C-alpha cells in the first residue's frame, strides 16, 4: 500500500506540473519504481543554478548536484521536473514528495519544508544594473559601496523582483512593506519568460536594476550576448553570502533522505568539488576565489 501511495503521489506531481513541467527521466533505473521510494527533484527557472534550455542546458550548479544525488542515492528512484519556483513550493505545501536543491531556509518555508545542512554558498542578493544607472543608486564604477535598500524606496527608481523568491530576511521585509504601494519601486515578475527578459530590460534602461546575484548577471550576459558591462551593487543589512539548502516537503518520507543528504554534504569530496567548480565558472572573474576561501566552512561571513 505504501509503495502504491508513493508512486501515486509521484504521478500526481507530474500531472499537476503539466504543461509547465518537462520531465527529464521518468525511468532512471531498470528497477521497478514500486520497489523504491520516489523523489521528484524540482528544477526551477533560476539560471545558472538550473539551466533549463539553451547551449548551457543542464550545466547549472543545481543540475550538477542533482546528477550526483541520482548517482549516489541508489535507494531511491529519481524524477526531474522543470517548473516554476512558485509551483514547486505550492506542491510542497500540498505535501507532495518534492525536493529542491538550492533554497534559502526561511521561517515561512519551514512551515511546510524540512532542510538539509547548507549545500552551497552563494553571494547574497544585491542590485544588478548597468554602468549608466549606477549614479541612481549613489555609486560609481570606481567606487561601489553597499547601498541601503530601504532608503531607495523613497527615490524614483525601478527595481524588478521575482515572485515567490526569498532573497533574505532584510530584503524580503523591505519588499513586503513597499511592493503594494501605488508608487512602489518594485516591479514584480514571475515565470521563465519574464526572468529571461529582466537583464535585457535593465540593459535597455527600461528598468534601473533587478535584485539578484552576480552569477545571474554573468550568465545572462553570456547567454544573451550583452555588450554592456553589468555591475553588482551589494545591499546593506545582510551578510556577504547566503546559504543554499536542499529543501524537501515535510513528512516522514524525507527523514532518511535528509539524513543521507547531510552525510554527503559533510563527507563527500566529489560533491564539494562539484559544487565549487560549477559555481566558480559562472562568477565574474573578479569574484572568483579558492574553494577554501569561499565555500568552507559553511558559515555566513560578517
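Residue numbers (the numbering used here): 34 to 335. Where a beta carbon is used, it is the ideal one built from N, C-alpha and C, also for glycine. Since we're looking at a predicted model, the values are computed, not measured.
Using the three-state DSSP reduction, which class does residue i fall into: helix, strand or coil?
i           : result
residue 102 : helix
residue 134 : strand
residue 277 : strand
residue 95  : helix
residue 45  : Confidence at residue 45 is low in this model, with a pLDDT of 49, below 50, so its placement is unreliable and the value that follows should be read with caution. Correct three-state label for residue 45: helix.
residue 86  : coil
residue 232 : helix
residue 38  : Since pLDDT at residue 38 reaches only 45, below the 50 mark, its modelled position is unreliable, and the value read off the structure follows with that caveat. Helix.
residue 68  : helix
residue 255 : helix
residue 4   : Nothing in the structure corresponds to residue 4, since the chain is present only between 34 and 335.
residue 324 : helix
Can you check whether the CB of residue j is closer than 7 Å to the CB of residue i?
i           : j           : result
residue 278 : residue 151 : yes
residue 221 : residue 196 : yes
residue 241 : residue 191 : yes
residue 194 : residue 232 : no
residue 101 : residue 307 : yes
residue 133 : residue 72  : no
residue 203 : residue 92  : no
residue 136 : residue 280 : yes
residue 247 : residue 109 : no
residue 250 : residue 161 : yes
residue 199 : residue 275 : no
residue 186 : residue 261 : no
residue 236 : residue 259 : yes
residue 28  : residue 122 : Any answer about residue 28 is impossible in this case: the structure gives the chain only from 34 up to 335.
residue 207 : residue 167 : no
residue 80  : residue 252 : yes
In the DSSP assignment, find the alpha helix (DSSP H) that holds residue i and state where it starts and stops.
i           : result
residue 76  : Here residue 76 belongs to no alpha helix (DSSP H); instead the beta strand (DSSP E) covers 71 to 76.
residue 243 : Taken as a continuous stretch (DSSP letters only), residue 243 belongs to no alpha helix (DSSP H), being part of the beta strand (DSSP E) at 242 to 245.
residue 207 : 202 to 211
residue 80  : Looking at the DSSP string, residue 80 is not in any alpha helix (DSSP H), and its letter there is neither H nor E.
residue 119 : 118 to 126
Ends of the beta strand (DSSP E) at residue i?
i           : result
residue 219 : 219 to 222
residue 266 : 263 to 266
residue 110 : 110 to 115
- request: Taking only runs that begin and end inside the stretch 136 to 198, name each unbroken alpha helix (DSSP H) of 4 or more residues, in chain order.
  value: Within the stretch 136 to 198, the complete alpha helix (DSSP H) runs of at least 4 residues are 182 to 185.
- request: Taking 8 Å as the threshold, find out whether the stretch 77 to 87 comes into contact with the stretch 266 to 273 through three or more Cβ pairs.
  value: no
task: Check whether the stretch 121 to 129 touches the stretch 96 to 110, counting contact only when three or more Cβ pairs, one atom from each stretch, lie closer than 8 Å.
output: With a cut-off of 8 Å, the stretch 96 to 110 and the stretch 121 to 129 do not count as touching, because too few Cβ pairs lie within range.
- request: Answer yes if the stretch 166 to 176 comes into contact with the stretch 313 to 327, meaning at least three C-beta pairs across the two stretches below 8 Å, and no otherwise.
  value: no
query: Which runs of the alpha helix (DSSP H) spanning at least 4 residues fall entirely within the stretch 279 to 312, listed in chain order?
result: 288 to 300
field: Segment contact flag, the stretch 149 to 164 with the stretch 289 to 305, C-beta cutoff 8 Å, min 3 pairs
entry: yes
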